[in-house]
DNA sequence: TAGTGGTCTAGACCACCTG
DNA sequence: AGGTGGTCTAGACCACTAG
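Protein chains in written order, with full-length UniProt numbering: chain A, 1 to 242; chain B, 1 to 242.
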């Protein structure tokens, strides 16, 4: 059951990505598009506001809506607050490159008070602890630690951890969608130990991203901490006022 | 002319910040709040969706709306995609600390092709080039380079660059609000030259943030590049599905 | 079953931009 | 003046959660 305004948003996003509109070009007005898609203006506006937040169009009061120039780049972009790159490394990049994982460890342990608090669970709660090195085209680019509440996801097959999408597995397993991801980005340097795992020199800059993921029913199931090579990743952000 | 849904959003945000609701507590339903504020559900929902994007509440289908735990921290948070910290360093932090600036240079120059493209202007367009070191409680924490289109803002008094808010000045000067800020975050290390300007050791990690700022009529007026001490800043991000 | 958020309609009026 | 996006109303029905 996909909402109509999501379908319309994706349809127009596709038009932009397929270059059916040129960069900077004015697209049809809200009233025209509402007529075309057979919805009211309110519904169409929901689509267009989303498209604006995702950085594909700019809405200018009194003028119209215009296709934004979209930045393409040589490095990998982790989109913030827009798009779906939040929904997992595999899902995001597997179309443009070969994604693989090296499972360092997968064990069950009890939550420390700190992690329990992040997961809104009791200290001592049984968790999966997973450490993976992730590779793009066979080059190691990041280390990711995940703590996953075993009360929410009891079993995690190692086949999922090798190459599959963990988030996709969880959505299938629970029958619920992922709705919240609250994260914090920090800059730091790789320690020798971590640099060795990635096969790079120590003292290389990194982007550290930590955060909690929740399902649509509010269940916090995953706390993760990833250490990303700063020469391989950038984070894009589109802020829109009001 | 402030929209009703913005007023309502701020009113409820204030209730949360003033602890009139406890963390995790359920707040009144949409229908109740719509009645209280004398608006329809559609209007109230706009308020609550904003509040959710800003990370203050979580909306759970079938259950209700709940106050999110808000992360307070010792370091300074640059909020992404939510809140207004995008709208300038001064405006964001002057309530919690003494903000000052050290003006390194302010000169007029002609746009290179690269910067002209960012500003959607012609190469050779006259620009302000401004380099400032910014301080929190007299500690230098970042270096910021700005290129501002002189065709949009002709005069920039040095009093504004010293301690005032540049963005506030621009909104007053042009009579328009800032609507877009598209930025990219990268991790890197401070060079010796930059480290010297901040009085720190070279090789310290930094968060580099670059981006273009536009007014509500779509005018790109500012391209900026800031080099932030990674031990002083974090960047927060709230992603909400759908 | 009752209450919650999620979606959608068919209008209306306002604010901004251009000719 | 005419077209654009921005806001708002007063309903309706659907999907999810709980007791």
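From the three backbone atoms N, C-alpha and C, an ideal C-beta is built for every residue, glycine too.
Where does residue i fall in DSSP's three states?
i	result
residue 225 of chain A	strand
residue 61 of chain A	coil
residue 99 of chain B	strand
residue 105 of chain A	strand
residue 205 of chain A	strand
residue 1 of chain A	coil
residue 36 of chain A	helix
residue 29 of chain A	coil
residue 56 of chain A	coil
residue 23 of chain A	coil
residue 124 of chain B	coil
residue 220 of chain B	strand
residue 70 of chain B	coil
Starting from residue i, follow the alpha helix (DSSP H) in both directions and report where the run begins and ends.
i	result
residue 17 of chain A	4-17
residue 162 of chain A	158-162
residue 42 of chain A	41-53
residue 174 of chain A	166-174
residue 115 of chain B	113-118
residue 155 of chain A	Careful: residue 155 of chain A lies outside any alpha helix (DSSP H) and carries neither H nor E.
residue 196 of chain A	192-198
residue 92 of chain B	89-93
DSSP has residue i in a bridge; who is on the other side?
i	result
residue 138 of chain B	DSSP, once it has assigned bridges, lists no residue as partnering residue 138 of chain B.
residue 144 of chain B	B/132 and B/226
residue 76 of chain B	B/233
So, at 7 Å on beta carbons, what are the nonlocal neighbours of residue i in its own chain, with the 5 sequence-adjacent residues on each side left out?
i	result
residue 4 of chain B	39 and 43
residue 179 of chain A	214, 215 and 216
residue 160 of chain A	166 and 169
residue 194 of chain A	143 and 227
residue 202 of chain B	190, 191, 192 and 195
residue 176 of chain A	215, 216 and 217
residue 9 of chain B	47, 50 and 51
residue 219 of chain B	152
Residues of chain A with a CB under 7 Å from the CB of residue i: which are they?
i	result
residue 205 of chain B	187, 188, 189 and 205
residue 183 of chain B	237
residue 61 of chain B	216
residue 230 of chain B	186, 187 and 188
Just checking residue i against the ligand MG - is the residue's beta carbon closer than 8 Å to any of the ligand's heavy atoms?
i	result
residue 46 of chain A	Ligands are entirely absent from the displayed structure, and the ligand MG is therefore not among its contents.
What does residue i touch in chain B if you count any residue whose Cβ is under 8 Å from its own?
i	result
residue 55 of chain A	182
Could you pull the start and end residues of the beta strand (DSSP E) that residue i belongs to?
i	result
residue 178 of chain B	178-189
residue 235 of chain B	233-240
Can you list, in chain order, the residues of its chain whose CB lies under 8 Å from that of residue i, leaving out five sequence neighbours each side?
i	result
residue 163 of chain A	90, 99, 100 and 101
residue 109 of chain A	126, 127 and 129
residue 244 of chain B	This structure does not reach residue 244 of chain B, given that chain B is present from 1 up to 242, and the question cannot be answered.
residue 156 of chain B	106, 128, 130, 148, 166 and 169
residue 13 of chain B	51, 54 and 56
Enumerate in chain order the residues of its own chain whose CB-to-CB distance from residue i is below 6 Å, with the five nearest sequence positions on each side excluded.
i	result
residue 131 of chain A	104, 105 and 145
residue 77 of chain A	234 and 236
residue 230 of chain A	205, 206 and 207
residue 113 of chain A	123
residue 172 of chain A	none
residue 65 of chain B	27, 57 and 59
residue 33 of chain A	44
So which residues on chain B does residue i lean against when the C-beta distance must stay under 9 Å?
i	result
residue 58 of chain A	179, 180, 214 and 218
Starting from residue i, find everything on chain A with Cβ-Cβ shorter than 8 Å and list it in chain order.
i	result
residue 234 of chain B	184, 185 and 186
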